[in-house]
Structures are given as structure tokens and as C-alpha cells.
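Numbering (our numbering), first residue to last: 3 to 155.
Next comes the structure, spelled out in C-alpha cells:
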């Protein structure tokens, strides 16, 4: 036996080494451990059903195991189908977005309605309103800032 000093730092270091070693061992044994764990879980879940079919219904052991696995697969398909149907029904109830005119037509209408707004020289340099709402806000701000300003045609 190795005689290590019994300080808290040594205990923490040894525990960290054990943890890292187990992580590396699981990573290297992943190709064996994952199928083995899946098989053990399936055996634990389906074993009682297969045993009941074998003893009470007098199925062969192979047949009862196959029926148990087939039952699990069918149950999973049923749950997936019910979920997909309920999701499609939920999505069909959602309101649809209204049809909008093409962006070019909307932009043209916006330009026509706001051609008369002229930006005063030297004020708000470099600001361009990109949408109708922004242009309306800009026109309202100009009206508040320059109440006596003349509007161009």
C-alpha cells in the first residue's frame, strides 16, 4: 500500500485523479458500454412483461421477448403519432399573418405620400428615414421643431 500524506489537498487530488481516470475509461469503453447499458435497461423494463407472456399466455421465451420489444416499438410510434397530430392541430389554430403588398409597392406608396416633406438645410444631417413610420415621425418632429417652416411641394 502506498503511504500518502493525509492532507486535504492530497485527498482532493486523489479524488480528481480517480474522477478523470473513470471519465477516460468510460470514453474508451463507449463502444461497449452504451449498447450494454441500453440492453440492461431494456431487459429491466421488458423482462417482467416477457416473463408474464411466457408463464401466463404460454408463449415461447423467444416469442414473448419479440412481442415485448414489438409492443414497446408500437407504443413509441403511438406516442410520436399522437404528439405529431396534436402539434399539427395546435399550429392550424394559430392565426395567419395577413397578406402584405410587395415591398416595392409599399415603398412607392410611402415615397408618394411623403414627397412634400423637405429636410431643412443644415438640420439633422445624414438622417434618412427608411420606412413610412420613420418618415412620419420625422415629419412630426420637424413640425414641432420648426412650426413656422414652409413645406415644399
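Cβ coordinates follow ideal geometry from the N, Cα and C atoms, glycine included. For clarity, every value in this text was computed on a predicted model and none was experimentally measured.
task: Put residue 59 into one of helix, strand or coil per three-state DSSP.
output: Translated into the one-based positions of the chain shown, residue 59 becomes position 57. Three-state DSSP puts residue 59 in coil, outside helix and strand.
query: In the structure shown, what three-state DSSP assignment does residue 73 receive?
result: Position 71 of the chain shown, counted from the start, is the residue given in the question as residue 73. If DSSP states are grouped into helix, strand and coil, residue 73 belongs with the helices.
- prompt: Which residues bound the alpha helix (DSSP H) around residue 5?
  reply: To locate residue 5, count along the chain shown from 1; it is residue 3. It is not in any alpha helix (DSSP H) - residue 5 carries neither H nor E in the DSSP assignment.
- prompt: residue 94: buried (16+ other C-beta within 10 angstroms of its C-beta) or exposed?
  reply: As a position in the chain shown, residue 94 is number 92, starting the count at 1. Exposed: under 16 other Cβ atoms inside 10 Å.
field: Cβ-based burial, residue 70 [other Cβ within 10 Å; buried from 16]
entry: Locating residue 70 in the chain shown gives position 68, counting from the first residue. Result: buried.
query: Exposed or buried, residue 52, counting other C-beta atoms within 10 Å across all chains shown (16 or more means buried)?
result: Within the chain shown, numbered from 1, the residue matching residue 52 stands at position 50. Looking at its Cβ environment, which holds 16 or more other Cβ atoms inside 10 Å, residue 52 is buried.
query: Considering only residues of the same chain and omitting the five flanking positions on each side of residue 6, which have a CB-CB separation below 8 Å?
result: Numbered from 1 along the chain shown, position 4 holds the residue referred to as residue 6. For residue 6, where only same-chain residues beyond five positions count, the Cβ hits under 8 Å are 12 and 16.
- request: Determine the DSSP secondary structure at residue 98, reduced to helix, strand or coil.
  value: What you label residue 98 is simply residue 96 of the chain shown in a count that begins at 1. Of the three classes helix, strand and coil, the one that applies to residue 98 here is coil, per DSSP.
query: Which class does residue 49 belong to by DSSP, given the choice of helix, strand or coil?
result: Position 47 of the chain shown, counting from 1, holds the residue named residue 49. In this structure, residue 49 counts as helix in the three-state DSSP scheme.
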